[in-house]
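Asks:
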Amino acid sequence: MKNIKYISLILLGFLFSEILAMQKVVVNKSCDMLEQPDEILLLCLRMFIDSRIDRYKDIFEFYNDKYNLSQDLKSISLTCSRLNRLVQDRLLKDILQRTVKERYNELYQVLRKQVKEEYSNKKTKFLNRKMNNILRKKVITYQDLKECIKIVFCGVDINKKYNHGYTLLRIAASNGHKGIVQFCIDLGANVNIEDHCGINSLISTLNYLSAIDSRVIRCRKNIRRDLLDIILIFINNPNVNLDYVFYNFRLGLTNLRTVALNKGYHEIVESIDNRNHIFKSKKLIKIL
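Right, here's the structure in full:
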């Protein structure tokens, strides 16, 4: 048993650090790791998942890495057919789902306890004023957004509009904080709420991404990838309105797919098409 664990740890360090760094679809098939039994590789995958989840210090870290973890597993599955089969293993999926749920519940209760200690004696008027003051700042930090989530836990409306009709979700999205965005959605944030100009969170994020690519604005490193991920999160939200029509300076009245296609955002177009295909399939099943 000790030998198995020793081998597993060696494989774990070699296997996943190499795979995630390669960014390739095909891996060298003569590699020793692929000659190991399925049981060893599955054990490595389980250890990889456990090590990622155990390192989360709070629920915000959980949300920040949740999307990245799923993408990393997808990258691993794309390296070769064997690893793809192992990543899709039903037992591994069940373990992943159970492990994630257990860790989420632990961190959720920790946050509830923190909120109770900090805000239990505060009145609704105070909480609304504090939320309003935070979201009206010229520069809103990640710590500010975390504080807003805590205030939402106390009962403040997560869909309330602030400066220019922006909601907490809209502000988190425009700052590229995809963990906060996903947390807001899980807490009931509405993706379709429009600001004073009639623009919702999805379209505003797309506009911000386009402005970055056009070098209209300068921003922090890696925000482009974060904004793109946020758009994909919005698209996969079952409540989002993908038929939403808005005005674009070049295209006039248009929709998300048309703008994404025009800009060359193939990931967005593919995600929209996949979602529409799933929706049509479900609709056909209901008819049958």
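Residue numbers (full-length UniProt numbering): 1 to 288. Think of the CB as a built atom: it goes at the ideal place given N, C-alpha and C, for glycine as much as any other residue.
#1: Work out the CA separation of L227 and A172 for me, nearest whole Å.
#2: Using a 10 Å radius around the Cβ and a threshold of 16 neighbouring Cβ atoms, would you call C44 buried or exposed?
#3: Is the separation between the beta-carbon of N239 and that of F246 shorter than 9 angstroms?
#4: Residue range of the beta strand (DSSP E) that Y253 falls in?
#5: Which of the three DSSP states, helix, strand or coil, is assigned to Y108?
#6: Would you mind stating whether I231 and N175 have Cβ atoms separated by less than 9 angstroms?
#7: With DSSP as the reference, identify every bridge partner of N248, one or two as the case may be.
#8: Which parts of the region 134 to 216 are runs of the alpha helix (DSSP H), unbroken and 4 residues or longer, counting only runs that do not cross its ends?
#9: Under three-state DSSP, which class holds S271?
#10: Which residues bound the alpha helix (DSSP H) around R224?
#11: Check for me: the alpha helix (DSSP H) holding V87 runs from which residue to which?
#12: Could you check what DSSP says for K24 in three-state terms: helix, strand or coil?
#13: Kindly indicate which residue of N133, R257, I180 has the alpha-carbon position closest to the one of K66.
#14: Please report the distance separating the alpha-carbon of Q114 from that of K130.
Replies: In terms of the structure at hand:
#1: Distance between the alpha carbons of A172 and L227 is about 10 angstroms.
#2: With 16 or more Cβ atoms within 10 Å of its Cβ, C44 is classed as buried.
#3: Here N239 is not near F246, since their CB atoms are 9 angstroms or more apart.
#4: A small correction: the amino acid at residue 253 is Leu; Tyr does not occupy that position in the sequence shown. L253 -> beta strand (DSSP E) spans 252 to 254.
#5: In the three-state DSSP reduction, Y108 falls in the helix class (H, G or I).
#6: No. Outside cutoff.
#7: According to DSSP, which records beta bridges pairwise, N248 is partnered with G252.
#8: Listed in chain order, they are 142 to 153, 168 to 174, 178 to 186, 201 to 213.
#9: In the structure shown, S271 sits in a helix (DSSP, three-state: H, G or I).
#10: Per DSSP, the unbroken alpha helix (DSSP H) holding R224 starts and ends at 223 to 235.
#11: From DSSP, the alpha helix (DSSP H) with V87 extends over 81 to 87.
#12: Reliability fails at K24, whose pLDDT of 43 lies under 50, so the model's placement of it is uncertain and the value that follows must be treated cautiously. Here K24 sits in coil by DSSP.
#13: That would be I180, whose Cα lies nearest to the Cα of K66.
#14: Cα to Cα, Q114 sits roughly 17 angstroms from K130.
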